[in-house]
Every structure is written in C-alpha cells, then in structure tokens.
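K.L.:
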Amino acid sequence: MGRVLQILLALVLAWTIGFWFFLRELAHAPKAPQGLKADAVVVFTGQGGSRVSAAMNLFGAGAGERLLISGVNADITREELARLWPGEPAGFECCVDLGWEAQTTVGNAREVRNWAITHDFDSLILVTSDYHMPRALLETRGELPEASIAAYRVDSGYLRPNGLPADQNAARQLAVEYSKFLAAVVKSWAPV
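Be aware that the sequence shown starts at -18, since it is given in our numbering, and climbs by one per residue.
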C-alpha cells in the first residue's frame, strides 16, 4: 500500500507542478496580436459569443479570405449568427461558413482540416479562448501539420494579470482544461 500511495503522491505533485507551468504560459502568451494575415480565419465556438465576435471582427478587418465558425450549435441559425456580423450583410453571405458537425475540440480540428483542404488554404488564424488555445493548437496542428496556424487568443477572464485564477470557478475550469490538454499531449505521442 505504501508504494501505491507514493506513486499517487508523485502523480499529484507532477500534475500540480505542470498546472503551475500551464498557468504561467497562459499568463505570458501574447493575447491578440494586431495585423495578422492568413488565407482564412477559423473560430472554435464556446461559451458566450466573445470568440465568434472576435473572429468576425478580425475577418471583417481583412485578416483572411474566408471565415469558418466551427462547432455551431444545431439550435443556432445562420440568421442568428448574421446578426453578430459587424459589416455589410453581403460579406457574411459570401465568405462566412458554418460548421455544425464538431462537438469537441478534436471535432473542431477535423472540421477545420476538411474545410481548409476543400478551399486549399495553407495558412490559418485560429481564434479561441486563451485557456483553450494550447489544446486547440495541438489538435489542429495534428490534423494540418503542413499548415501555418497563428493563434488569436480571446480573453476568458479566467486569469488575473499575475497568472493566478480569477476565482474558484476559474480555477476549476482551468484545471479541467489542463487535464484535457495533458490527455491531448499523451494522445499525440501515441503511434498512429
């Protein structure tokens, strides 16, 4: 029993140290660089509409030729999303694609891969929340290893400027995301 307890304590310690580094990296990552340009912009949907709004504004400013909103909830209509569009309606109609299939980050990455291949895009700007970006990049780069993928992080409000969680709910969300990121890293090491 003593050996099992030592292994469990070592795993908890390793997870805790890794979590600290994860939070530190999030706090020091560039948030939303200006002047990004790529073939296209893609956004992974999530809580609230801040990710989608940020992607629409970025795309509307000329950052890419098309925009993919990946992981759109089946209950959301194209018309509802069009109301968030900051520009002329024709811009939304011609160049914004909606992906309804993805329900997970892995699904988002596959949806992006299929869309990018269909449109022959080699460079993308990926928009998602700051805490979600490490896993989103890992999964998307795994699906499109030859593509250039730039990160556009949207502030989630989960981190204080010093890198500590903003509150107990933020700490819980960040811990869950870190655990999912670790699982994605382990999966990426597995032979295909």
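The C-beta atom is built at its ideal place from N, Cα and C for all residues, glycine as well. It should be emphasised that the depicted structure is a prediction, and the values quoted were computed from it without experimental measurement.
1. Taking the straight line between their C-alpha atoms, what separation do you get for G138 and H113?
2. With which residues is I50 paired in a DSSP beta bridge?
3. What are the boundary residues of the beta strand (DSSP E) that includes R64?
4. Are the beta-carbon atoms belonging to L107 and L118 less than 8 Å from one another?
5. What span of residues does the beta strand (DSSP E) with T175 cover, start to end?
6. When the Cα of G88 is compared with those of R59, S51, D101, which residue comes out closest?
7. Checking 8 Å against the spacing of the C-beta atoms, do D163 and L7 come in under that value?
8. By Cβ distance below 6 Å, which residues in the same chain neighbour L205 in space, the five residues on each side in sequence not counted?
9. Who are the Cβ neighbours of E124 in its own chain at under 8 Å, not counting the five residues just before and after it?
10. Return the bridge partner residues of L140 from the DSSP annotation.
11. Mind checking whether L49 and Y133 have CB atoms under 8 Å apart?
12. So, helix, strand or coil for I(-2), using DSSP?
13. Touch check for the stretch 53 to 66 and the stretch 26 to 43: three-plus C-beta pairs under 8 Å?
P.N.:
Taking the geometry as given:
1. Their Cα atoms are separated by approximately 12 Å.
2. I50 is bridged by DSSP to V24, L79.
3. Looking at the DSSP string, R64 is not in any beta strand (DSSP E), and its letter there is neither H nor E.
4. Yes; because the gap between Cβ atoms is below 8 Å, this pair is in contact.
5. Because the chain here runs from -18 to 173, residue 175 falls outside it and cannot be looked at.
6. The residue with the shortest Cα to Cα distance from G88 is S51.
7. Before going further, note that residue 163 is Leu rather than Asp in the sequence given. Between L163 and L7, the C-beta gap is not smaller than 8 Å, which leaves the two residues out of contact.
8. Lying before the first or after the last residue shown, residue 205 is absent from the chain, which here runs from -18 to 173.
9. The beta carbon of E124 sits closer than 8 Å to the beta carbons of A90, R91, V93, R94 from its chain, once the five residues preceding and following it are set aside; these are given in chain order.
10. DSSP links L140 through a beta bridge to P146.
11. In this structure, L49 keeps its C-beta atom at 8 Å or more from the C-beta atom of Y133.
12. Reduced to three states, the DSSP call for I(-2) is helix.
13. Three or more Cβ pairs closer than 8 Å define a contact, and the stretch 53 to 66 meets that threshold against the stretch 26 to 43.
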